[in-house]
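Numbering (UniProt numbering), first residue to last: 1 to 178.
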């Protein structure tokens, strides 16, 4: 019986070095972990050169109210000249910026039309509004530059003093006095 145990231990002793050397080989047999695949950054969009501004466009650009606008819900819009293209305007809202072409409308409002057709900014005497024309939604409204605030204060002061503009097309004429 002792001889059986001794021979079994002898067999185990001879197999231990084989088993110990098999473990590193087992690790080597596993495929190496692949390096993480890095996605290539998308190529920068190609900037298409804008056509030269017309005389009408330059005239409309000179009528644009530049600067920071205070808008509803404590939002701000910034309107500035485009540094690369004369007669074009840059409009910034949040983290977005658009290059706009100024167009004077038949109603007297100034339209700043996004050259990519996504947005539109309307400027009238007392306020401005920025719209997403593709979605048909206002991005921000009740925006006022310093000049628009001054025009609104002057209008309100005129109204408070009883001096108003002549009735408009859709306003009723005051009744005649007898």
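No residue lacks a Cβ here, since even glycine has one placed at the ideal position from N, Cα and C.
Asked                                                                                                                                 : Found
Measure how close the beta-carbons of residue 121 and residue 130 come, nearest whole angstrom, since I'm counting them as under 8 Å. : 5 Å
Please report the distance separating the alpha-carbon of residue 110 from that of residue 143.                                       : 14 Å
What three-state label does DSSP hand residue 66 in the structure shown?                                                              : coil
From the DSSP output, in three-state form, read off residue 150 for me.                                                               : helix
Helix, strand or coil, according to DSSP, for residue 118 in the structure here?                                                      : coil
What residue from 127, 92, 108 has the CA that sits closest to residue 147's CA?                                                      : 127
Can you tell me whether residue 75 is helix, strand or coil according to DSSP?                                                        : coil
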